[in-house]
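Quick note on numbering: the sequence shown equals residues 97 to 393 in our numbering.
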Amino acid sequence: MQHYRQALGQQVAAEAFGTFVIVLVGAATVVVADDPVATGLAFGLSLLVMTYAVGHLSGGHFNPAVSVGFAVSGRMTWPQVGVYAAAQVGGAVVAGLTLFVVLHGYDGYESRGNMGQNFFGSEAPGGFAVWAALLVEVVAAAIFVLVMLSVTDRRNPAAAVAPVVLGLGLAAIYLATSGMTGGSVNPARSIGPGLFAGTDAVLQLWLFILAPLAGAALAGLGHPLVFGRDEAPVPGSGLRLPQRPRHAAAPEAASPEDRRTDGPADGPTQGSAERLSAGPGDRPADDHPDRESPGRS
């Protein structure tokens, strides 16, 4: 993960606000529309918009599983994961509370008791067993986090359109999983509405916390193995930094007759106005190494 110029408070606010909007819009669509296509578009488009809006402040994770995946891959420190996860869950809980209050003015809420929560077993429309729901969420989260790690890779020329790719990817995942588990891949998305959806929903939250985190960890391990590392692991990620090469022994002092200072045969002398032409490997370093496109982390 890059070192952002913004203060930690701005990063926390960005993650909390982005998660709040995504969970509120997505869960409200589940309750009101009750349509998989509408739900997928609601979650996907809200992720796209929030990534463009505040992703440049924090990297646009909005999901504890994404933050875990970035830490496992060496792009983020574990203390940062804790701060981000707290902000994300906090934003999701506020979204769940907001939706809970608003839905008391909706005639169909009391009879349906739906908060857009996730489910499995007898609570699921398809009756998916716990092991099936667990596998669905692990695989879905692994796919999503792997896509995010790939499109935010500094070597990827399509990084500028990362929010579009991520939004479409999340929409596709929700289209595939909404009938199985209600679509999670995000512990915060499950916790926010689940806390206000009754005892049964709360008792099932463990699966939608552990499964996405496990899938994200697999993606974090797999991305460097498949694509290689785009940069050294950040200190604090728990991964070993590559060892620096040892300095070569100093060459023997040149004899006086070999010390040529009367011509440019060996290149311009220090302090002269003459400059060497820059070759392909001599491109100046980026003046802003920590600037990145929205969605980069």
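For each residue, glycine too, the CB sits at the ideal point set by N, CA and C.
Segment limits, alpha helix (DSSP H) that includes residue i
{"i": "A312", "result": "L301 to F323"}
{"i": "G165", "result": "P160 to V168"}
{"i": "V133", "result": "P132 to S154"}
{"i": "V261", "result": "A258 to T273"}
{"i": "G186", "result": "W174 to L199"}
Cα-Cα separation between residue i and residue j, rounded to whole angstroms
{"i": "F292", "j": "G192", "result": "7 Å"}
{"i": "V260", "j": "M244", "result": "11 Å"}
{"i": "A188", "j": "F116", "result": "5 Å"}
{"i": "H319", "j": "S169", "result": "7 Å"}
{"i": "P132", "j": "P308", "result": "20 Å"}
{"i": "R342", "j": "R325", "result": "The predicted model places R342 with a pLDDT of 46, which falls under 50 and marks its position as unreliable; any figure quoted below should be read in that light. Taking the straight line joining both Cα atoms gives about 22 Å."}
{"i": "M276", "j": "F323", "result": "31 Å"}
{"i": "L317", "j": "A167", "result": "10 Å"}
{"i": "G105", "j": "L153", "result": "10 Å"}
{"i": "G212", "j": "T125", "result": "8 Å"}
{"i": "G265", "j": "A258", "result": "10 Å"}
{"i": "T295", "j": "L301", "result": "10 Å"}
{"i": "E327", "j": "G288", "result": "35 Å"}
{"i": "A182", "j": "F224", "result": "30 Å"}
{"i": "N214", "j": "L271", "result": "14 Å"}
{"i": "A149", "j": "W174", "result": "25 Å"}
{"i": "A251", "j": "L321", "result": "For the record, residue 251 in the displayed sequence is Arg; it is not Ala. Their Cα atoms are separated by approximately 15 Å."}
{"i": "S274", "j": "F304", "result": "13 Å"}
{"i": "G263", "j": "G201", "result": "30 Å"}
{"i": "V235", "j": "V197", "result": "34 Å"}
{"i": "G151", "j": "A110", "result": "7 Å"}
{"i": "S246", "j": "L195", "result": "34 Å"}
{"i": "A268", "j": "G278", "result": "13 Å"}
{"i": "G186", "j": "G290", "result": "13 Å"}
{"i": "S368", "j": "P253", "result": "Interpretation of S368 is limited by its pLDDT of 43, a score under 50 that renders its predicted location unreliable; no figure is taken from the coordinates."}
{"i": "N210", "j": "S286", "result": "13 Å"}
{"i": "R227", "j": "M172", "result": "Residue identity differs from the one stated: residue 227 is Trp in this sequence, not Arg. Between W227 and M172, the C-alpha separation is close to 31 Å."}
{"i": "F240", "j": "V190", "result": "24 Å"}
{"i": "L306", "j": "A103", "result": "30 Å"}
Where residue i sits in the DSSP three-state scheme
{"i": "T125", "result": "helix"}
{"i": "D296", "result": "helix"}
{"i": "Q106", "result": "helix"}
{"i": "V281", "result": "coil"}
{"i": "L291", "result": "coil"}
{"i": "F224", "result": "coil"}
{"i": "S246", "result": "helix"}
{"i": "E233", "result": "helix"}
{"i": "G212", "result": "coil"}
{"i": "P111", "result": "Looking at the sequence shown, residue 111 is not Pro but Glu. E111 falls in the helix class under three-state DSSP."}
{"i": "A238", "result": "helix"}
{"i": "E219", "result": "helix"}
{"i": "A254", "result": "coil"}
{"i": "P364", "result": "With a pLDDT of 45 at P364, under the threshold of 50, the modelled position of this residue cannot be trusted; read the value that follows with caution. P364 falls in the coil class under three-state DSSP."}
Proximity of residue i and residue j at Cβ, strictly below 8 Å
{"i": "S158", "j": "L143", "result": "The amino acid at residue 158 is misidentified as Ser; the sequence shows Phe. Their beta carbons are under 8 Å apart, which means F158 touches L143 by this criterion."}
{"i": "V177", "j": "V108", "result": "no"}
{"i": "E233", "j": "S280", "result": "yes"}
{"i": "V298", "j": "L199", "result": "no"}
{"i": "A315", "j": "G165", "result": "yes"}
{"i": "V119", "j": "A312", "result": "no"}
{"i": "A112", "j": "Q184", "result": "yes"}
{"i": "T147", "j": "G156", "result": "yes"}
{"i": "G122", "j": "T135", "result": "yes"}
{"i": "T248", "j": "A256", "result": "no"}
{"i": "A237", "j": "F216", "result": "no"}
{"i": "P329", "j": "P160", "result": "no"}
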